[in-house]
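Numbering (the numbering used here), first residue to last: 4 to 48.
Reading through the structure tokens given below for one structure.
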């Protein structure tokens, strides 16, 4: 049986595990909130 290759994941560290997911979450939350405000305002008038 062959031994596994000694490789590291191409992405890692604090930037890829904390910062990027946090930015994606904030961006999607903000986009959802702005769309909600826009369409909620159109329903009233």
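Even glycine gets a Cβ: it sits at the ideal position worked out from N, Cα and C.
Since this is a predicted model, take the numbers as computed values, not measurements.
Distance between residue 32 and residue 7 (C-alpha atoms, nearest Å): 41 Å
For residue 38, I'd like the list of residues in its chain whose CB is within less than 6 Å of its CB, leaving aside the five on either flank, ordered along the chain. Apart from sequence neighbours up to five positions away, no residue of its chain approaches residue 38 with a beta-carbon distance below 6 Å.
Same chain, Cβ closer than 6 Å to residue 17, neighbours up to 5 away in sequence not counted: Residues of the same chain with their beta carbon placed closer than 6 Å to that of residue 17 are lacking, with the five preceding and five following residues left out of the count.
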